[in-house]
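Working notes for the structure below.
2 protein chains.
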Amino acid sequence: MSDKPLILVTNDDGITAPGIRALIEVMNEFGDVYVVAPNSPQSGMGHAITLDSTLHIEALTKKDEAQVEYSCSGTPADCVKLAVNEILDRKPDLCVSGINHGSNSAINVLYSGTMSAAIEAGIEGIPSIGFSSVDHSWNADFEPLKKHIRTITRNVLENGLPDGVVLNVNFPKEPIKGIKVCRQAKANWIEEFDKRTSPQGKEYYWLTGEFVNLDKGQDTDLYALENNYATIVPVQFDLTAHHFIQKLNTWNFED
Amino acid sequence: MSDKPLILVTNDDGITAPGIRALIEVMNEFGDVYVVAPNSPQSGMGHAITLDSTLHIEALTKKDEAQVEYSCSGTPADCVKLAVNEILDRKPDLCVSGINHGSNSAINVLYSGTMSAAIEAGIEGIPSIGFSSVDHSWNADFEPLKKHIRTITRNVLENGLPDGVVLNVNFPKEPIKGIKVCRQAKANWIEEFDKRTSPQGKEYYWLTGEFVNLDKGQDTDLYALENNYATIVPVQFDLTAHHFIQKLNTWNFED
Chain A
0 MSDKPLILVT NDDGITAPGI RALIEVMNEF GDVYVVAPNS PQSGMGHAIT LDSTLHIEAL
60 TKKDEAQVEY SCSGTPADCV KLAVNEILDR KPDLCVSGIN HGSNSAINVL YSGTMSAAIE
120 AGIEGIPSIG FSSVDHSWNA DFEPLKKHIR TITRNVLENG LPDGVVLNVN FPKEPIKGIK
180 VCRQAKANWI EEFDKRTSPQ GKEYYWLTGE FVNLDKGQDT DLYALENNYA TIVPVQFDLT
240 AHHFIQKLNT WNFED
Chain B
0 MSDKPLILVT NDDGITAPGI RALIEVMNEF GDVYVVAPNS PQSGMGHAIT LDSTLHIEAL
60 TKKDEAQVEY SCSGTPADCV KLAVNEILDR KPDLCVSGIN HGSNSAINVL YSGTMSAAIE
120 AGIEGIPSIG FSSVDHSWNA DFEPLKKHIR TITRNVLENG LPDGVVLNVN FPKEPIKGIK
180 VCRQAKANWI EEFDKRTSPQ GKEYYWLTGE FVNLDKGQDT DLYALENNYA TIVPVQFDLT
240 AHHFIQKLNT WNFED
């Protein structure tokens, strides 16, 4: 193995998605690239892991490509666990996930397989970044994103990341004016289930919904994205609401 | 509908699990209980939601039971979304999830369907608690847990919870000495995949692993559980690592 950085690339849209292809291209400029990504779309999988079923890995690399590739039958978080524990000879210097076809700003960080893969790598002690674009289209143009991905990647490789922190990067519609460090906006989905009847007369539902932003803060990812800035939210996986511990200790837990 | 609290009960082990039966029993003392839970086990589903498939709901209630029950084909987070948006006439006063057969302390909060259901309810603005027991057994004795569940439930109904905070409650082995408010321990799984060969000669993996606690803090959930205390960790779903924003702003993002 060379002395270049070892970079793990994954995603949740599946190994054939244009988004991960664009990310692989940029990462090949920085180091030795291993791709371990789902063999089928895994959007909305959150931090799911495969406990009740088996996992399969398939080596895909063609000889004329710079990177080594494996597809995996599991979730994005499974891919990272398998890469680190079964596929790679050493811990990667960086893990990048994406580029997701669709935004992972605000509360979407929780539902996102892209970000859960990045968080899983963070748990494993690997500096890690999730990249997403607000453009859902399979034909999205990732070209204008690449220089910003380079800038952010270079910063993470040079500066590292603190223990317990990964980066959630989202790209706006064009033109991209620059990069802003933000906090996660307080904005949620208001669900509207689409209720239908099957040919057999059985009712079923599709999850749909409207995204509603009640957070007027100008320091949020949503505000910056709406104003054509790429956003970086530092994300932590210590979920403790430390600010509420003191108050909670005043509650009466005596029976 | 009565003027008693409206309580939504869900879990990730499935609607037939003994853990949810014990929780329903306690909740019937407090209010009008609606159960909307997965029709099959959903452990390790994290905050997954069903985007690429349809969802089914089945009404299960027998006339001689206090509570109303629905089973759902989706994930724990789906169950909460369906309950709030399709099944219930008004927003519940409380959502409880569990009792999970297995601990959701430390980093397990991220993988847990139990806690993701509670967090989903929190996102919907519902005071919400996830209950889990370190005892994995299907035959676990939930009787000694009930008085503590009553105490915690009473406190939440009386005091409410701040916006953006839900409670992660874990029960230790017996004897339970009391209840402690804690922070999430920094303790992770070290994966050890069990590699096997199928009868057809194809390699596959089972995810296994060892749970390793490197956090010596006496204010952690793991420390309290090991010392036979039930633990309450207040959990937030703003994942922003606010402490790193200032430093991140010193990075050079100019191209």
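Going down the list, the protein sequences come from chains A and B.
Heads up, the first sequence is in numbering that gives the first Met the number 0, so the first residue is 0 and it goes up one at a time.
Heads up, the second sequence is in numbering that gives the first Met the number 0, so the first residue is 0 and it goes up one at a time.
Where is the CB? At the ideal position from N, CA and C, for every residue including glycine.
In this structure residue 104/A does not touch residue 75/A by the C-beta definition: roughly 18 Å separates them, more than the 8 Å allowed. Taking C-beta separations shorter than 6 Å and ignoring five residues to either side along the sequence, the partners of residue 7/B in its chain run 33, 82, 91, 94, following chain order. A direct Cα-to-Cα measurement between residue 148/A and residue 23/A gives close to 11 Å.
Residue 20/A and residue 166/B have their C-alpha atoms roughly 40 Å apart.
Nearest to residue 227/A by alpha-carbon distance, out of 199/A, 112/A, 170/A, 237/A, is 170/A.
Within the stretch 103-115 of chain A, 106, 108, 109, 110, 115 place their CB atoms closer than 8 Å to a CB of chain B, listed in sequence order. Nearest CB-CB separation between residue 203/B and chain A: below the 8 Å threshold.
Per the Cβ contact rule, the stretch 236-244 of chain B is not in contact with the stretch 175-194 of chain B (fewer than 3 Cβ pairs under 8 Å). Shown here for residue 207/A: same chain residues with a beta carbon closer than 6 Å to its own, the five before and five after excluded, namely 191, 193 in chain order. Contacts with chain A (Cβ-Cβ distance below 8 Å) from the stretch 42-61 of chain B involve 42, 43, 44, 45, 46, 47, 48, 49, 50, 51, 53, 54, 55, 56, listed in chain order. Not a single CB atom of chain B sits nearer than 8 Å to the CB of residue 28/A.
The beta carbon of residue 233/B sits closer than 8 Å to some beta carbon of chain A. Residue 120/A has a beta carbon lying at 8 Å or more from every beta carbon in chain B. At a Cβ-Cβ threshold of 8 Å, residue 116/B and residue 49/B do not count as neighbours. Fully enclosed beta strand (DSSP E) runs of no fewer than 3 residues occupy 31-37, 56-58 of the stretch 24-58 of chain B, in order along the chain. With a threshold of 16 other beta carbon atoms within 10 Å, residue 64/A falls short and is exposed. Residue burial annotation: residue 41/A is buried, with at least 16 other C-beta atoms found within 10 angstroms of its C-beta. Counted as a single uninterrupted DSSP element, the alpha helix (DSSP H) harbouring residue 108/B occupies residues 107-110. Under the DSSP assignment, residue 152/A falls in the alpha helix (DSSP H) whose first and last residues are 145-158. Among the CB atoms of chain B, one or more fall inside 8 Å of the CB of residue 154/A. When Cβ-Cβ separations below 8 Å define contact, residue 100/B makes no contact with chain A. Taking the C-beta atoms as reference points, residue 11/A is found nearer than 8 Å to residue 112/A.
With its beta carbon less than 8 Å from one in chain B, residue 192/A belongs to the interface. Contact annotation, residue 100/B with residue 132/B: C-beta distance approximately 7 Å; criterion of less than 8 Å satisfied.
Considering only beta carbons, the part of the stretch 169-198 of chain B lying closer than 9 Å to chain A consists of 177, 178, 179, 180, 181, 182, 183, 185, 187, 188, 189, 190, 191, 192, 194, 195, 197, in chain order. In the structure shown, residue 201/B falls within a coil segment according to DSSP collapsed to helix, strand and coil. Here the C-alpha atom of residue 86/A lies approximately 49 Å from the C-alpha atom of residue 66/B.
A distance below 8 Å separates the beta carbons of residue 168/A and residue 229/A.
When the alpha-carbon of residue 197/A is set against those of 178/B, 150/B, 54/B, the nearest one is in 54/B. At a cut-off of 8 Å, the C-beta of residue 137/A has no neighbouring C-beta in chain B.
Counting only Cβ-Cβ distances below 7 Å, residue 164/B has contacts in chain A at 240, 243, in chain order. In this chain, the beta strand (DSSP E) harbouring residue 180/B covers 177-180.
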